[in-house]
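Residue numbers (the numbering used here), protein chains in the order written: chain A, 45 to 193; chain B, 45 to 193.
The beta-carbon is built from N, C-alpha and C at its ideal position, and this holds for glycine as well.
Presented below is the structure to which this report refers.
2 protein chains.
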Amino acid sequence: MTLSVQTDEHFMQQAYKQAEMAYEKGEIPVGAVVVANHTIIARAHNQTEQLNDVTAHAEMLALTAAFDKIGGKYLKECSMFVTLEPCSMCAGALFWAQLGKLHYAASDPKRGFSQHSKNLLHPRTEVASGLFQEESKLLLQKFFAKLRT
Amino acid sequence: MTLSVQTDEHFMQQAYKQAEMAYEKGEIPVGAVVVANHTIIARAHNQTEQLNDVTAHAEMLALTAAFDKIGGKYLKECSMFVTLEPCSMCAGALFWAQLGKLHYAASDPKRGFSQHSKNLLHPRTEVASGLFQEESKLLLQKFFAKLRT
Chain A
45 MTLSVQTDEH
55 FMQQAYKQAE
65 MAYEKGEIPV
75 GAVVVANHTI
85 IARAHNQTEQ
95 LNDVTAHAEM
105 LALTAAFDKI
115 GGKYLKECSM
125 FVTLEPCSMC
135 AGALFWAQLG
145 KLHYAASDPK
155 RGFSQHSKNL
165 LHPRTEVASG
175 LFQEESKLLL
185 QKFFAKLRT
Chain B
45 MTLSVQTDEH
55 FMQQAYKQAE
65 MAYEKGEIPV
75 GAVVVANHTI
85 IARAHNQTEQ
95 LNDVTAHAEM
105 LALTAAFDKI
115 GGKYLKECSM
125 FVTLEPCSMC
135 AGALFWAQLG
145 KLHYAASDPK
155 RGFSQHSKNL
165 LHPRTEVASG
175 LFQEESKLLL
185 QKFFAKLRT
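Laid out in structure tokens, this is it:
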């Protein structure tokens with residue numbers, strides 16, 4: 045049996061699936077996965093409504109699940125795929141985790157960390173963006189349009 | 045029976061007691077309390093070692109406990125007293141919580157949110173600092189000195 049190595053696109057698609065799950069539950073649709081050795085070790089979506097906690101962003105929940113999975117406090121060899129540019133809280137959390145690589149889909153011109161400073165992330169964290177950008181943005185727009193009606 | 049209204053100093057002393065508890069457990073000694081209507085509704089100290097989670101800062105744990113206590117997602121009428129200037133992650137969390145007032149004891153010239161931008165906090169959050177500054181700083185210094193030996 046040959047195991048194919050998954051692509052970044054596959055991982056972002058899995059993050060997007062998490063965002064869709066959030067959407068279905070009436071949560072702001074953002075999803076995230078954490079990848080180590082080409083394998084997803086944590087999946088999460090935004091749960092601020094369900095948990096009644098504004099800190100329950102997809103990234104925070106995925107981080108805590110990843111620490112638990114690897115039994116360590118740092119994610120230097122891991123990547124996170126998230127459907128929206130992290131806010132300053134989440135970027136600060138990724139700093140402490142010393143995340144290896146961050147991939148985000150849609151930019152967040154209002155609350156994205158890069159509006160404050162790119163230095164909110166750890167200097168060793170690589171950053172890539174754009175995969176599933178349109179899909180992720182459309183899902184958010186659909187959510188907020190529904191919320192207004 | 046007359047109930048005296050507690051002072052800011054009392055609340056910071058309670059946050060400092062949390063920091064001492066962290067110290068006793070081998071955690072970086074930072075403590076926080078959340079106050080609503082002159083009453084402490086949440087207390088927490090840093091638990092990054094015990095929970096094996098770099099996001100388990102005193103402020104994050106106190107916030108989640110406070111949301112749970114009040115059954116709401118916003119702390120507009122609340123104050124947080126914390127023994128060290130919040131990092132960017134915690135400041136970002138306080139932003140989402142729309143905290144009414146932040147009191148911190150010691151400044152953090154390395155990781156404090158004000159090193160990045162004062163805008164990490166919500167524009168409505170008032171900020172005060174200095175209470176228990178020396179005590180909180182000394183406790184941290186004592187902790188790191190012990191760690192090095």
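Cβ distance (whole Å) where threonine 193 (chain A) is taken to contact lysine 117 (chain B) below 8 Å
Going by Cβ atoms, the distance from threonine 193 (chain A) to lysine 117 (chain B) rounds to 22 Å, so no, they are not a contact pair.
Going by beta carbon distance, what residues of the same chain come within less than 7 Å of methionine 56 (chain B), once the five residues before and after it are set aside?
Phe125, His147, Ala149, Leu175, Phe176
For alanine 62 (chain A), collect the residues of the same chain with a Cβ closer than 6 Å to its Cβ; drop the 5 residues on either side in sequence, then sort them by chain order.
Contrary to the premise, residue 62 (chain A) reads as glutamine rather than alanine in this sequence. Contacts found: Gly75, Arg87, His89.
Between the beta-carbon of valine 171 (chain A) and the beta-carbon of serine 123 (chain A), is there less than 8 Å?
no
Listed from N- to C-terminal order along the chain, which residues in the region 92-108 of chain B have their beta-carbon within a distance smaller than 9 Å of any beta-carbon of chain A?
Thr92, Glu93, Leu95, Asn96, Asp97, Val98, Thr99, Ala100, His101, Met104, Leu107, Thr108
Should leucine 119 (chain A) and proline 130 (chain A) be called a contact, given that it needs their Cβ atoms to be closer than 8 Å?
no
So if I threshold CB-CB distances at 8 Å, which residues from the region 135-148 of chain B count as touching chain A?
Ala135, Gly136, Ala137, Phe139, Trp140, Ala141
Does asparagine 163 (chain A) have its Cβ less than 8 Å from a Cβ in chain B?
yes
Can you look up lysine 181 (chain B) in the DSSP assignment and give me helix, strand or coil?
helix
Tell me whether tyrosine 148 (chain B) sits in a helix, a strand or coil according to DSSP, three-state version.
strand
Looking at the strands, I want to know which residues DSSP matches up with phenylalanine 125 (chain B).
B:Val77, B:His147
Using a Cβ-Cβ distance under 8 Å, would glycine 174 (chain B) count as near chain A?
no
Between the alpha carbons of lysine 162 (chain B) and methionine 104 (chain B), how many angstroms are there, rounded?
19 Å
Continuous alpha helix (DSSP H) stretch holding serine 48 (chain A): start and end:
That residue, serine 48 (chain A), is in no alpha helix (DSSP H); it is neither H nor E in DSSP.
Sequence-distant residues of its chain with Cβ nearer than 7 Å to glutamate 53 (chain B) (five each side left out)
Leu175
Residue closest to glutamine 209 (chain B), alpha-carbon to alpha-carbon, out of B:Thr83, B:Met65, B:Ala59, B:Lys154:
Past the edges of chain B, shown from 45 to 193, lies residue 209 (chain B), and the structure says nothing about it.
Can you check whether the CB of tyrosine 60 (chain B) is closer than 8 Å to the CB of phenylalanine 187 (chain B)?
no
At a Cβ threshold of 8 Å, is cysteine 131 (chain A) touching chain B?
yes
Whose C-alpha, out of B:Ala102, B:Asn96, B:Ala109, B:Gly144, is nearest the C-alpha of asparagine 81 (chain B)?
B:Gly144
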